[in-house]
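In my numbering, the protein residues as written are 532 to 938.
Don't be surprised by glycine CBs; every beta carbon is placed ideally from N, CA and C.
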């Protein structure tokens with residue numbers, strides 16, 4: 532069951548200054564009122580953009596990416612951050628490592644992207660947050676270091692980031708990639724499911740959504756009606772496949788559009804970039820490509836992260852004091868996974884935003900039925916809790932749903 536969202540507001544609005552975040556969400560599900568709040572603050576004096584530039588980016592005409600983080604999604608975020616820093620500081624170039632195009636496991640490859648070592652920074656549009664003044668109010672960094680252009684950020688909106696993706700990064704896509712797949716039909720829902728190292732993650736920062744999220748979008752996301760066809764995009768790592776893959780294939784077998792096996796990164800990129808209807812998960816791969824998709828009609832995003840922070844703070848009498856690093860990670864997840872519904876709707880007017888509530892987190896699921904007294908083995912208890920969360924979520928909790936009409 533997904534409860535109908537009767538009202539939702541934030542008090543106060545998220546302050547994206549990097550050193551204070553307070554979210555108070557009130558919503559109504561199944562005629563029961565709930566309040567979920569958390570706040571994160573730090574007493575540390577934040578560095579400013581000029582501190583960072585003077586220490587780490589000493590050349591006055593470029594922002595340089597010295598190393599690459601993780602896989603293609605994180606590397607896309609690095610490019611966006613580098614261009615945003617260049618726009619804020621008025622620097623004309625973003626430069627990268629010469630060996631960027633080396634084909635390495637998990638990295639963007641020559642088959643999909645053509646990333647030059649020197650890229651010209653196109654001027655920002657008039658209403659952009661970036662004016663090239665050399666200042667960046669609210670500059671964020673968990674600590675002032677020079678690693679990789681990943682932990683240093685000027686606050687940006689979804690609109691700002693969409694502009695950078697479209698004007699600076701999408702042109703780097705190899706043209707043949709858009710012919711590497713059969714373009715999804717208008718009645719097809721493309722679903723990205725995360726496999727691999729965090730396929731079954733239920734903890735902060737990488738928590739994956741319950742399978743119920745995908746089922747609900749399939750059954751009601753097409754303007755209140757079910758989608759006729761669905762196509763799964765996932766890496767199909769046999770030893771680390773998300774449980775939702777089999778659950779979706781079994782429950783909706785008659786709707787499945789089979790992709791060629793095995794698929795390639797180019798094929799999956801092609802599908803996500805041209806999907807008309809796209810359901811994302813907690814993964815940078817899908818959301819970074821969605822930000823470059825020019826054909827999206829309906830976009831579905833899910834927040835499985837912030838409720839975990841809320842429930843952790845519920846056990847303290849005062850707002851939780853956290854380190855700069857932890858605070859930065861929470862803010863990074865909100866930005867990188869595009870979880871601000873108001874900002875998202877400004878770019879994608881037919882977006883749907885879902886959130887896992889406090890009583891739907893893995894911690895809450897562990898308490899249901901008091902299975903500690905029934906299942907003695909710790910591993911079996913953990914597996915049962917994961918099954919409850921991923922496969923039977925709707926028996927215990929309801930997703931919070933917000934569409935763009937709320938904004």
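Chain D within 8 Å of residue i, Cβ atoms only
i: residue 615; result: Annotation note: the requested chain D is absent from the structure, which comprises a single protein chain.
First through last residue of the alpha helix (DSSP H) which encompasses residue i
i: residue 747; result: 742–751
i: residue 794; result: It is not in any alpha helix (DSSP H) - residue 794 carries neither H nor E in the DSSP assignment.
i: residue 605; result: 603–620
i: residue 909; result: 909–922
i: residue 583; result: 580–587
i: residue 771; result: No alpha helix (DSSP H) contains residue 771, which DSSP labels as neither H nor E.
i: residue 646; result: First-last for residue 646: undefined, no H or E at that position.
i: residue 893; result: 893–898
i: residue 689; result: 689–695
Extent of the continuous beta strand (DSSP E) to which residue i belongs
i: residue 624; result: 624–626
i: residue 664; result: Element bounds for residue 664: n/a, residue is neither H nor E.
i: residue 649; result: 649–651
i: residue 707; result: Per DSSP, residue 707 belongs to no beta strand (DSSP E) and is neither H nor E.
i: residue 932; result: 931–934
Local conformation of residue i per DSSP, three classes
i: residue 834; result: strand
i: residue 732; result: coil
i: residue 723; result: strand
i: residue 658; result: coil
i: residue 599; result: coil
i: residue 813; result: coil
i: residue 759; result: coil
i: residue 563; result: Note that residue 563 has pLDDT 39, beneath the 50 cutoff, so the model's placement of it is unreliable and the number below is only indicative. Strand at residue 563.
i: residue 887; result: coil
i: residue 869; result: coil
i: residue 881; result: coil
i: residue 823; result: coil
Distance between beta carbons of residue j and residue i, contact taken as under 8 Å
i: residue 648; j: residue 626; result: 6 Å
i: residue 758; j: residue 719; result: 7 Å
i: residue 804; j: residue 875; result: Not a contact, Cβ separation roughly 18 Å.
i: residue 831; j: residue 772; result: With a Cβ gap of about 21 Å, residue 831 and residue 772 do not count as contacting.
i: residue 836; j: residue 735; result: 7 Å
i: residue 761; j: residue 787; result: 6 Å
i: residue 588; j: residue 679; result: Not quite, the Cβ-Cβ distance comes to about 12 Å (not below 8 Å), so this is no contact.
Buried versus exposed, by CB contacts within 10 Å (16 or more), residue i
i: residue 784; result: exposed
i: residue 526; result: This structure gives no information on residue 526, because the portion of the chain shown stretches from 532 to 938.
i: residue 728; result: exposed
i: residue 595; result: buried
i: residue 667; result: buried
i: residue 892; result: buried
i: residue 860; result: buried
i: residue 665; result: exposed
i: residue 908; result: exposed
i: residue 575; result: No answer about residue 575 holds up, because its pLDDT of 49 lies below 50 and its placement is not dependable.
i: residue 811; result: buried
i: residue 590; result: exposed
i: residue 598; result: exposed
i: residue 622; result: buried
i: residue 673; result: buried
Residues of its chain near residue i, where Cβ-Cβ distance is below 6 Å and the 5 sequence neighbours each way are ignored
i: residue 927; result: 899
i: residue 834; result: 870, 886
Same chain, Cβ closer than 8 Å to residue i, five either side skipped, listed in chain order
i: residue 742; result: 774, 775, 778, 779, 921, 922, 924
i: residue 795; result: 642, 711
i: residue 880; result: 935
i: residue 882; result: 829, 830, 831, 832, 872, 875, 876, 934, 935
Contacting residues, own chain, Cβ-Cβ under 7 Å from residue i (five flanking each side not counted)
i: residue 614; result: 625, 652, 695, 699
i: residue 814; result: 604, 723, 725
i: residue 697; result: 823
i: residue 763; result: 722, 724, 776, 779
i: residue 688; result: 660, 874
i: residue 817; result: 723, 803, 811
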